[in-house]
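If you read the sequence shown in the numbering used here, its first letter stands for residue 876, the second for the next number, and so on.
Backbone N, C-alpha and C fix where the C-beta goes; we use that ideal spot for every residue, glycine too.
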Amino acid sequence: MSVDSIYFSPEVDTFREQTRRFLREHIAPRLDTWESERRIPRDTWKLLAGEGLLGLHHPRAYGGRELPFFHSVAYLEELGRLGNGGFRGAMSVHSYMATTYLQLAGDHEQKLAYLKPAVEGDMIAALAITEPHAGSDVSSISCEARATGDGYAIRGTKAFVTNGMHADFMVTAVRMADGPVAVTGSGNISLLVIDAQAPGVTRTPVEKLGWHCSDTATVHFEDVVADGSRLLGRKNSGFMWIMKAFQLERVAAAVLAIGEVDRALELARRYTGERQVFGKALAGHQVVRHRLAELMSHAEAARQLVYHAAWLHSRGKLAMSECAMAKLRATELAVDVAGQCLQLFGGHGYLADAPIARLFRDTRLDTIAGGASEIMREIIADTDL
876 MSVDSIYFSP EVDTFREQTR RFLREHIAPR LDTWESERRI PRDTWKLLAG EGLLGLHHPR
936 AYGGRELPFF HSVAYLEELG RLGNGGFRGA MSVHSYMATT YLQLAGDHEQ KLAYLKPAVE
996 GDMIAALAIT EPHAGSDVSS ISCEARATGD GYAIRGTKAF VTNGMHADFM VTAVRMADGP
1056 VAVTGSGNIS LLVIDAQAPG VTRTPVEKLG WHCSDTATVH FEDVVADGSR LLGRKNSGFM
1116 WIMKAFQLER VAAAVLAIGE VDRALELARR YTGERQVFGK ALAGHQVVRH RLAELMSHAE
1176 AARQLVYHAA WLHSRGKLAM SECAMAKLRA TELAVDVAGQ CLQLFGGHGY LADAPIARLF
1236 RDTRLDTIAG GASEIMREII ADTDL
């Protein structure tokens, strides 16, 4: 689909073309191998860093390019168009989730120690917030940190940690236990940067339905020691930073989903134009043409909603409702489009190594990760009703 838009300057259009070419030449040919091997080689982060893609929105002082936000929108859309959920998940978590907390709440020394090497591809970042019994409800986390002189001892378990097996550090949400027992609620949640190789950290890989090339881990902390310099921002300010960073996470998820929709439609249009059924191309049958036309119109409607949310974010607006709407509509559409496009492939779409089958598996996580659709609806209802 065309990306002509009032939101993109000629400079961003040029950047998009360069990024698309780089991803198609250097990443796309390797994705099948990474999928089968269930890993993304570590040097891939260095490869993207060489193109400046790991720090588009991060400050120049820490290796970033400090570009206007719609450069990131173009990059994320192109990541989605690769049609590989694992790769886009690993890179977006690294650049737009885990390192976001360092940019927002970190001090100069923390940014030099973690943000700069992450932007330069020398460190892999992970974000550890979700727990086995606390997902979208961040106020229910139980992983706790107890004061130990000049630092903290961390105990607890984090679930579904993307990049968890290969990360060098994890930005981790903990509940500060100032007394014998940590109280519940959001008031005593803090963020700590925990070295992944620290004694007491145990990482267990998780096998998933999709996102095969990205690693996901359950991470257990058993009296893991982190000194006071690892605290991001003020003590007990973690919930505020999480709520703020969630807006970027949801915009990023929405943009990635739009890219996936484009990829599914591209695959379906190509296949239906070539596949001969009853003496003519599959796309020559009205029922197929109309189905594709319907999906294309939904895609353009969702795209404009997503761009609007991204524009609000770029202006520093805390647009909770708009970001939730964008995430809800784009990810729900990605699941729907992937399923309908797979149907057009018939049996060929059900083969395990078919690109549309991978999209079908991978997009299914879109409506769950980063806040489930049901949570997005609650946010919209609480804000606008």
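Measure the C-alpha to C-alpha separation of residue i and residue j and round it to an integer number of angstroms.
i	j	result
F962	G1246	19 Å
K1202	Y1182	11 Å
V968	Q1161	41 Å
G1154	L928	47 Å
T1206	E1135	9 Å
S911	G1062	44 Å
E1124	M972	6 Å
Y882	E952	14 Å
M1115	S1014	11 Å
T894	V887	10 Å
Y989	G964	20 Å
K986	R1105	11 Å
V1068	W909	28 Å
S1248	V948	21 Å
A924	H946	15 Å
A1057	N1111	Residue confidence for A1057 is low, a pLDDT of 46 falling below 50, so the modelled location carries little weight and cannot support an answer.
R1030	I1250	28 Å
E1149	V1210	24 Å
P1055	V1099	At P1055, the pLDDT of 43 sits below 50, so the modelled position is not reliable; the number obtained from the coordinates is stated separately. Each residue's Cα considered, the two are about 18 Å apart.
D879	A1022	54 Å
A903	D1043	25 Å
S970	L1193	20 Å
I1243	M1200	14 Å
R1145	A1176	22 Å
D982	P934	13 Å
Thinking residue i and residue j are a contact (beta carbons under 8 Å), I'd like their distance in whole angstroms, please.
i	j	result
V1126	H1188	5 Å
T1093	T1032	7 Å
R1050	E1019	5 Å
Q1122	C1198	5 Å
A1156	R1164	A1156 to R1164, Cβ: 10 Å. No contact.
T1077	K1083	Actually they are not in contact, since the Cβ atoms of T1077 and K1083 sit about 19 Å apart, beyond 8 Å.
A1132	G955	6 Å
V994	G939	5 Å
R1239	G1085	6 Å
Does the beta-carbon distance from residue i to residue j come in below 8 Å?
i	j	result
S1017	A1009	yes
S1196	I1254	yes
L1066	G1103	no
F944	A1185	yes
L1285	L922	This structure cannot speak to residue 1285, because the chain is shown only from 876 to 1260.
A1003	V1036	yes
R905	H1087	no
I1117	A1048	yes
V1237	N1038	It is worth fixing the name first, because residue 1237 is Asp in this sequence and not Val. It is not a contact, given that the beta carbons lie outside the stated cut-off.
L1107	A980	yes
K991	Y950	no
D1257	A1128	no
R917	H1095	no
D1064	A1139	Note on residue identity: the sequence assigns Ile, not Asp, to residue 1064. Their beta carbons are not under 8 Å apart, which means I1064 does not touch A1139 by this criterion.
V1046	L977	yes
A1213	L1180	no
A1229	F1220	yes
D1137	A1174	yes
Could you spell out where the alpha helix (DSSP H) holding residue i opens and where it closes?
i	result
F890	P885 to F897
I1029	First-last for I1029: G1026 to T1037, but that is the beta strand (DSSP E), not the alpha helix (DSSP H).
W920	D918 to G925
T908	L906 to E912
S967	G960 to V968
W1086	Per DSSP, W1086 belongs to no alpha helix (DSSP H) and is neither H nor E.
T1242	Note, T1242: premise wrong, no alpha helix (DSSP H); not H, not E.
Y976	T974 to A980
M1171	Q1161 to S1189
G955	F944 to R956
Could you please give the first and the last residue of the uninterrupted beta strand (DSSP E) stretch that includes residue i?
i	result
P1080	V1076 to P1080
R1021	E1019 to A1022
L1002	A1000 to A1003
Using the DSSP secondary-structure output, state which residues sit across from residue i in a beta bridge.
i	result
H1095	T1032 and T1077
K1155	V1152
A1052	R1021
F1220	DSSP lists no partner for F1220.
I1069	M1045
V994	DSSP lists no partner for V994.
A1009	E1006
D1102	G1026
L1107	L1066
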